[in-house]
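The working numbering puts the first residue of the sequence shown at -1, with every later residue one more than the last. For each residue, glycine too, the CB sits at the ideal point set by N, CA and C. Values in this document were obtained by computation on a predicted structure and should not be read as measured data. Remarks on the structure that follows.
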Amino acid sequence: MADPTVRGLTHLRSGKVRDLYEVDDDHLLLVASDRVSTYDVVHPTPVPDKGRVLTAVSRFWFDRLDVDHHLVSTDLADLPVELDAADAERLAGRSMLCRKVDIVPFECVVRGYLVGSGWREYQRDGTVCGIALPDGLVEADRLPEPIFTPATKAEQGEHDENVSFEVMSNALGGELASQLRELSLSLYAAAAAHATARGIILADTKFEFGLRNDQVLLADEVLTSDSSRYWPADGWAPGATPPSFDKQYVRDFATSTGWDKQPPAPELPDEVVTATRARYIEAYERLTGALFDDWLAR
């Protein structure tokens, strides 16, 4: 992993993708790197500009959605510290100045389609995260209505664990848990409608929320290709999972090598890196109607 040191900022920690810095008593800087992981293991090969795409997509949704959130600015000029030229170049386009919040310790997942772990559970039990579904559904089917399926936030290197709404409610209190469920379902509906108008299906996504002075704020990244499953609408048909606007090429390659999903992850060939970068950029441009080159120029 590259040296995360930034002069003038306190490095707090690094995750699979993001580096987190303290700016002052009220603000943090979230920096999205070009790291890419599969099965919770980071590959040694980055995907150029991936972090900038994630930041650009998050900025689009924070601006578009009618919700209180933690984002202050994506412009480094708004930082209350002066960066040296090298750090400024490295952080440009991939940084979010955010208000500090107390992160709710649950992923707020909304699923609109039957896919992934949900499909596997449905085949076995007729449920998704314990929620009973009608008989006769097939892989990638649209659900009768979106469902809220929270998950615990895992420590680095571990997997998130799906839990029932009751578990979340017992941990947070019924009022807050219900507020987060309704807010998540509302945000998913708004985002899915916009994506549909752009020829994209939002199959599922996960939101993170934080509390600041008892106010709920949408936090972290939002509706990116890392936190969401986007499909091209013209490639979807019930019965098989369509290609995704995400790191599918990386997953497919990693699986094809026979890798045992334990560190270290394999190096990625140039063609996988190029195809993955193009897929992330295509999702951004189709969702926003803007050119990624214009984001880079900013």
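Checklist line | Cβ-based neighbour list, GLY155, same chain, cut-off 7 Å, excluding 5 preceding and 5 following | finding: Numbered from 1 along the sequence shown, position 157 holds the residue referred to as residue 155. Residue confidence is low: GLY155 scores 49 on pLDDT, short of 50, so the model does not pin down where it sits. Its coordinate-derived value is still stated next. ASP38.
Notebook entry, point to check: CB GLY134 to CB VAL126, shorter than 7 Å?
Noted result: By one-based count along the sequence shown, residue 134 stands at place 136. By one-based count along the sequence shown, residue 126 stands at place 128. Not a contact, by the Cβ cut-off of 7 Å.
Note to self: Just to confirm, is the Cβ distance from LEU27 to LEU74 under 7 Å?
What the structure shows: The residue you call residue 27 lines up with position 29 of the sequence shown. The residue you call residue 74 lines up with position 76 of the sequence shown. No, they are not a contact pair.
Next item on the list: Can you grab the Cα-Cα spacing for the pair ASP23 / HIS9, in whole Å?
Entry: Stepping through the sequence shown from its first residue, residue 23 is reached at position 25. Stepping through the sequence shown from its first residue, residue 9 is reached at position 11. Approximately 14 Å, taken between the alpha carbons.
Next item on the list: Check the DSSP bridge columns for LEU200 and list the partner residues they point to.
Entry: Your numbering for residue 200 matches position 202 in the sequence shown. TYR228, per the DSSP bridge assignment.
Next item on the list: From the DSSP output, read off the bridge partner residues of ALA75.
Entry: Numbered from its first residue, the sequence shown carries residue 75 at position 77. Paired residue(s): none; ALA75 is not in a bridge.
Note to self: Measuring only the C-alpha atoms, how far is ALA281 from ARG227?
What the structure shows: For the purposes of this step, residue 281 is taken as the residue at position 283 of the sequence shown. For the purposes of this step, residue 227 is taken as the residue at position 229 of the sequence shown. Distance between the alpha carbons of ALA281 and ARG227: 11 Å.
Note to self: Looking only at its chain, what residues have a beta carbon closer than 8 Å to the beta carbon of ARG5, apart from the 5 residues adjacent to it on each side?
What the structure shows: Counting from 1 along the sequence shown, the entry for residue 5 is found at position 7. For ARG5, where only same-chain residues beyond five positions count, the Cβ hits under 8 Å are LEU81, ASP82 and ASP85.
Next item on the list: Label PRO240 either buried or exposed according to how many other C-beta atoms from any shown protein chain fall within 10 Å of its C-beta, with 16 as the threshold for buried.
Entry: In the sequence shown, residue 240 corresponds to position 242, counting from 1. So PRO240 counts as buried.
Checklist line | Secondary structure of VAL136, DSSP reduced to three states | finding: As a first step, residue 136 must be located in the sequence shown, where it is residue number 138. Three-state result, VAL136: coil.
Check: Hey, out of GLU105, ARG109, ASP268 and ARG122, whose CA is closest to GLU159's CA?
Finding: Counting from 1 along the sequence shown, the entry for residue 159 is found at position 161. Considering only alpha carbons, the answer is GLU105.
Note to self: At the level of alpha carbons, what is the spacing between ALA138 and ASP47?
What the structure shows: Start at 1 with the first residue of the sequence shown, and residue 138 comes out as number 140. Start at 1 with the first residue of the sequence shown, and residue 47 comes out as number 49. Going by the C-alpha atoms only, they are around 30 Å apart.
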